[in-house]
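Asks: Protein chains in written order, with this note's numbering: chain E, 2 to 110; chain F, 5 to 204.
Glycine included, each C-beta is placed from N, C-alpha and C at the ideal position.
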Amino acid sequence: MLENSIGPVPLQAYLMVAAFLFCTGVWGLINSRNAVRVLMSIELMLNAVNINLMSFSSYIDGSIIRGQVFSIFVITVAAAEAAVGLAILLSLYRNRVTIDMESFNLLKW
Amino acid sequence: MNIAYSTELICFLILSAVIISGSLAVVLLENIVYSAFLLGGVFMAVAGLYLLLNASFVAAAQILVYVGAVNVLILFAIMLVNKKEKLKPIEGLRTRKLISGGVCGGLLILLLRVSIITQWNLPGPSSIGEEATERIGEHLFTDYLLPFELASILLLMAMIGAIVLARRDVSIPRDDINNNNNKKSLSDKKIPLLSENSLK
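1. Would F/ASN138 pass as an interface residue toward chain E - the criterion being a Cβ-Cβ separation below 7 Å?
2. The segment 10-26 of chain E: which residues have C-beta closer than 9 Å to a C-beta of chain F, in chain order?
3. Classify F/GLU200 as buried or exposed, calling it buried when 16 or more other Cβ atoms lie within 10 Å of its own Cβ.
4. Between E/SER92 and F/ILE82, what straight-line distance do the alpha-carbon atoms span, to the nearest angstrom?
5. Less than 7 Å separating the beta-carbons of F/ILE140 and E/VAL70?
6. Could you tell me the distance, in whole angstroms, from the CA atom of F/MET161 to the CA atom of F/GLY72?
7. Excluding the 5 residues preceding and the 5 following E/GLY68 in the sequence, name in chain order all residues of the same chain whose CB lies nearer than 7 Å to its CB.
8. Residues of chain E with a CB under 9 Å from the CB of F/PHE47: which are they?
9. Residue range of the alpha helix (DSSP H) that F/TYR9 falls in?
10. Check whether the Cβ of E/MET55 lies closer than 7 Å to any Cβ atom in chain F.
11. Once the 5 residues before and after F/TYR9 are set aside, which same chain residues still bring their CB inside 6 Å of it?
12. Report buried or exposed for E/TRP110, applying the criterion of at least 16 other Cβ atoms within 10 angstroms of its Cβ.
13. Could you compute how far the alpha carbon of E/VAL39 sits from the alpha carbon of F/ILE164?
14. At what residues does the alpha helix (DSSP H) containing E/SER59 begin and finish?
15. According to the neighbour-count rule (16 or more other Cβ atoms, all chains shown, within 10 Å of its Cβ), is E/ASN32 buried or exposed?
16. On the three-state DSSP scale, how would you describe F/GLU200?
17. Between which two residues does the alpha helix (DSSP H) containing E/VAL85 stretch?
18. Only counting runs of 4 or more residues, tell me where the alpha helix (DSSP H) segments fall wholly within the segment 38-112 of chain F, in order along the chain.
19. Roughly how many whole angstroms lie between the Cα atoms of F/LEU150 and F/HIS143?
20. Return yes when the Cβ of F/LEU77 is within less than 7 Å of the Cβ of E/ALA83, no when it is not.
21. With 7 Å as the limit, tell me which residues of the segment 147-158 of chain F have their beta carbon closer than that to any beta carbon of chain E; keep them in chain order.
22. By Cβ distance below 6 Å, which residues in the same chain neighbour F/VAL62 in space, the five residues on each side in sequence not counted?
23. With E/ILE47 and E/VAL27 assumed to form a contact (beta carbons below 8 Å), what rounded beta-carbon distance in angstroms separates them?
24. At least one CB of chain E closer than 7 Å to the CB of F/GLY72: is that the case?
25. At a Cβ threshold of 7 Å, is E/VAL39 touching chain F?
26. Just checking, does the segment 12-26 of chain E make contact with the segment 117-129 of chain F on the three C-beta pairs under 8 Å criterion?
27. Can you list the residues of chain F that E/LEU108 reaches, using a CB-CB cut of under 9 Å?
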């Protein structure tokens, strides 16, 4: 399983790092009370997905590298998401004068 | 094991240790400014992993976009909303954290199990190494042309949307509009972009 890889680092090691990063991001997304930290956790999760795409592209799809093109698109979408998310956060802060996630419960019934 | 192998292994171990500890610190630290700077460190370590995977172009894009743009944007947002506020305690916070920790740990175990047990199709075709940048360019202008153009439209929309959402409302003082004497000269009057009312 682990021994049929090319380099010294097996594919599974990259996948494990990415899995850990993703789970940390999910935990932070659920538990953060600061809205900026929620956005940071989303960036962590996007990076974990990017690591997965890049390692598959290098180990399994080494000559066509579709994974690298995909991760460039993911980086683009992440940049757009960060810009719009922080703008929404700023206008929320201007209206409610807090960034506590527990106080953004306007749609809760 | 020759020296190239051991160097690559050591680099991978250091980078993954930085990623794991940095991401934990981003989520767990109390001070959000520390978290933001550590997030930049995590992004740079991820770029180092891309370099280990023979992808120098994506590593450069990662540094430029994530460290140069997203992280700076997050720091700006922190400094714009930087108010020490007393978070009011909610009951059951500890159990909530424990339950979500259990769920995330289960997800982690599941992902690790899948990545170890699955028979990956290894070894694949040999890596093209430094030709990757040319190949990405070919992809972007042939078979991924439509997503590429859509990405440019998406970036434009995100930029305009962020400006519209985040700017302050520019308001003209009411007595300036109602006053008849001013009516003619209102167009000549210079209205500052950030008037005194909107700053309050």
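Replies: Short version:
1. The question names Asn, but residue 138 of chain F is Glu in the sequence shown. Chain E, which has no Cβ nearer than 7 Å to the Cβ of F/GLU138, makes this no.
2. From the segment 10-26 of chain E, only VAL10, PRO11, LEU12, GLN13, ALA14, TYR15, LEU16, MET17, VAL18, ALA19, ALA20, PHE21, LEU22, PHE23, CYS24, THR25, GLY26 have a Cβ closer than 9 Å to chain F.
3. Because F/GLU200 carries a pLDDT of 49, less than 50, the predicted location of this residue cannot be relied on, and the following value inherits that uncertainty. If you draw a 10 Å sphere on the C-beta of F/GLU200, you find fewer than 16 other C-beta atoms in it, and that means exposed.
4. Going by the C-alpha atoms only, they are around 13 Å apart.
5. Yes. Within cutoff.
6. Roughly 20 Å separates the two Cα atoms.
7. Once the five neighbours on either side are set aside, the close Cβ partners of E/GLY68 are LEU54, MET55, PHE57, SER58, ASP62.
8. Neighbours of F/PHE47 on chain E, chain order: GLU44, ASN48.
9. That run of the alpha helix (DSSP H) goes 7-32.
10. True, the Cβ-Cβ gap to chain F drops below 7 Å.
11. Nothing listed; no residue qualifies.
12. E/TRP110 should be labelled exposed.
13. Each residue's alpha carbon lies about 23 Å from the other.
14. According to the DSSP assignment, E/SER59 belongs to the alpha helix (DSSP H) that extends over 36-60.
15. Buried, because 16 or more other Cβ atoms sit within 10 Å of the Cβ of E/ASN32.
16. Since pLDDT at F/GLU200 reaches only 49, below the 50 mark, its modelled position is unreliable, and no value is offered.
17. Annotation for E/VAL85: the continuous alpha helix (DSSP H) segment containing it runs 67-97.
18. Qualifying alpha helix (DSSP H) stretches, in chain order: 60-66, 75-84.
19. About 11 Å.
20. Contact flag set, yes.
21. Residues of the segment 147-158 of chain F whose Cβ lies closer than 7 Å to any Cβ of chain E, in chain order: TYR148, PRO151, ALA155, LEU158.
22. Here the set comprises TYR54.
23. Per the sequence shown, residue 47 of chain E should be read as Leu rather than Ile. Going by Cβ atoms, the distance from E/LEU47 to E/VAL27 rounds to 12 Å, so no, they are not a contact pair.
24. Residue contact with chain E for F/GLY72: absent (no Cβ-Cβ distance below 7 Å to any residue of chain E).
25. By the rule that beta-carbons nearer than 7 Å mark a contact, E/VAL39 does not touch chain F.
26. Verdict: yes, contact present.
27. The contacting residues do not exist; E/LEU108 stays about 18 Å from chain F at best.
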